[in-house]
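Undergrad: Chains as they are written, first to last, in numbering that gives the first Met the number 0: chain A, 0 to 246; chain B, 0 to 246. Sharing a structure, written as structure tokens. Questions coming.
Protein chains: 2
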Amino acid sequence: MDSKNRHELNPRVSADCVIFGFDLNQIKVLLIEREAINGVEQSMALPGDLIFEGENLDTAASRVLYELTGLDEIYLEQVGAFGDPNRLNNPKDQLWLKAVRQNPTERVITIGFFSLVNMNNYEPQPSSFAKSAAWIPLEDIDELAFDHMEILKASFAKLQHKIRIQPIGFNLLPHKFTLSQLHKLYEVILGRELDKRNFRRKMLKLNLVQSLEERQAGVPHKPSQYFVFNEEKYNELILHGFDNFGF
Amino acid sequence: MDSKNRHELNPRVSADCVIFGFDLNQIKVLLIEREAINGVEQSMALPGDLIFEGENLDTAASRVLYELTGLDEIYLEQVGAFGDPNRLNNPKDQLWLKAVRQNPTERVITIGFFSLVNMNNYEPQPSSFAKSAAWIPLEDIDELAFDHMEILKASFAKLQHKIRIQPIGFNLLPHKFTLSQLHKLYEVILGRELDKRNFRRKMLKLNLVQSLEERQAGVPHKPSQYFVFNEEKYNELILHGFDNFGF
DNA sequence: CCAAAAGTGTTGAAGTTACACCCATGC
DNA sequence: GCATGGGTGTAACTTCAACACTTTTGG
């Protein structure tokens, strides 16, 4: 490509990120609140941006994530390209694009990503920029700008599928966690109850977690043991064709 | 988007198709042979094209498939977007692009698809156009133009994964087939032997195939029974959360 | 002592793997 | 009658699903 363009925006291609978090009770998504335009309220939107000419697609997604949250080295996975020619043509969305884009009617293909973050590592600042971000419970989201609802649904479907095959859920948890927290995480992602004993048995058999001496303190019930994720074991399992968590 | 542009090409986005076939013995891929440029031989390439401004991504992929093979209503699945800024910058590839593209140095993001076809429905015509197509055994392919090798690998990995979850393999077979052919298909896609008796038992238990009265004729061994794919049963299984073929 | 969540084993059913021989046909 | 691939059953093992009570803590 033309080297003169490397730091210019590519007006035809963007990256949008579905950022999942887990507050130990439910799945949340980090969304952008946008100012009303001419008095018309705007739906929330996924964080995203046009890519730079010299930029990889996943670098662009990482950049969006970093610029919003300051977080780096985050689990990120491409979900696919979304390119309906009419994806930006909703009148409300057009209002907004006219306010912020040089050429608001240009067709843009977006590449959707999802990422998994430990919510504790990012607390949205009230209106830190013009646009402010908020963690919204997944189940409360029923409308988003553009085709972002479609991207969100595809992302969550991929997460649901992938968590059964690879232990990516650990990216949503703090460094130390209890088995109950992990259990709850699997239940909310898969959308169904999992038998507590069977869950623990399977998880421990996989050796993906190792227990610490430390226990919970200050809880009004039997304190739970803390665990950490065993990365070496994970890498070993990946090599040997680990592909079934059993759920 | 600007309606004036609907029938123009979008110079920044293309669709490339990995077209898989199965000759009852091995997996083949339909590749494009390209003329040498200035005496420099060109690697084979995946069929693909820039998209039109008014065109959906999967419509563009279908169009590529249709223009090449005349086939319609083919199993097609998006694999993802491939957008390395240097993906077109190999000198040999640049030679070719200079010969065929208006702006050969423009960055192009491509959306990769794979499709599954019944090879009997398309016999490449020797040089039917300037460019001719050929079915190449998957295992013989070790070099392709641009980043097409990467797209091929991602596509095959997705095929391998998906065939364990959904019975998409039927798209590679003739309308009537034998269980041995189906068995062989699974073996070559998964890359390992599967026990004949266990395979048949599982497949029959799923009720995804139903036997015809008809048997093979003219074979120098016990003639095999023909089966057809049971689409109603498939749709029923999809609804009820069918997600494990058991391999 | 009460409420709350942590933690723990067993059993029956289902599914998976491994394995060897007879059958029908063309030549 | 021989070569070729088609077609079949069983037994040992592993995995999965279902299920209830005791423990530890804070208040």
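Glycine included, each C-beta is placed from N, C-alpha and C at the ideal position.
1. Where do the N-terminal and C-terminal ends of the beta strand (DSSP E) with residue 209 (chain B) fall, by residue?
2. Step through the CB atoms of chain B and report whether any lies within less than 9 Å of the CB of residue 80 (chain A).
3. Out of curiosity, what's the CA-to-CA distance linking residue 145 (chain A) and residue 93 (chain A)?
4. Is residue 251 (chain A) close to chain B? Criterion is C-beta to C-beta, closer than 9 Å.
5. To which residues of the same chain is residue 17 (chain B) closer than 8 Å at the C-beta, ignoring the five residues directly before and after it?
6. Below 8 Å on the Cβ atoms is my contact criterion, and I expect residue 159 (chain B) with residue 189 (chain B) to pass it. Report the Cβ-Cβ distance as a whole number of Å.
7. Check whether the Cβ of residue 53 (chain A) lies closer than 9 Å to any Cβ atom in chain B.
8. Which residues, in chain order, does the segment 54–75 of chain B contribute to contact with chain A at a C-beta distance below 8 Å?
9. Which of the residues in the segment 146–172 of chain B, read from start to end, lie with their CB under 7 Å from any CB of chain A?
10. Please tell me whether residue 10 (chain A) and residue 102 (chain A) are closer than 9 Å, where the distance is taken between their beta carbons.
11. What residues match up with residue 19 (chain A) in a beta bridge as DSSP calls it?
12. Counting only Cβ pairs nearer than 9 Å, list the residues of chain B close to residue 83 (chain A).
13. In chain order, what residues of the same chain have a beta carbon less than 6 Å from the beta carbon of residue 215 (chain B), not counting five sequence neighbours either side?
14. Could you tell me whether the Cβ of residue 224 (chain A) comes closer than 9 Å to any Cβ of chain B?
15. Run down chain B in chain order and give the residues with a C-beta less than 9 Å from the C-beta of residue 11 (chain A).
16. Could you tell me whether the Cβ of residue 4 (chain B) comes closer than 9 Å to any Cβ of chain A?
17. Taking only the alpha-carbon atoms, compute the straight-line gap between residue 171 (chain B) and residue 20 (chain B) and give it to the nearest angstrom.
18. One question on the structure: do residue 56 (chain B) and residue 47 (chain A) come within less than 9 Å of each other, judged by their Cβ atoms?
19. For residue 198 (chain A), which residues in the same chain have their Cβ closer than 6 Å to its Cβ, ignoring the five residues on either side in sequence?
20. For residue 93 (chain A), name the three-state secondary structure that DSSP assigns.
21. Quick check: the Cα distance between residue 75 (chain A) and residue 6 (chain A), rounded to an integer number of angstroms?
22. Strictly below 8 Å CB to CB, what residues from chain B border residue 77 (chain A)?
TA: In short:
1. 208–214
2. yes
3. 9 Å
4. Not covered by the structure: residue 251 (chain A). The range shown for chain A is 0 to 246.
5. 28, 45, 78, 111, 112, 113, 114, 150, 151, 154, 155
6. 6 Å
7. Under the Cβ distance rule, residue 53 (chain A) counts among the residues neighbouring chain B, one pair being separated by less than 9 Å.
8. 54, 55, 56
9. none
10. Residue 102 (chain A) is positioned such that its CB atom lies closer than 9 Å to that of residue 10 (chain A).
11. A:28, A:115
12. 55, 56
13. 222, 223
14. no
15. 9, 10, 11, 12, 108
16. yes
17. For residue 171 (chain B) and residue 20 (chain B), the gap between their C-alpha atoms comes out near 6 Å.
18. no
19. 182
20. helix
21. 23 Å
22. Correct list: 79, 80.
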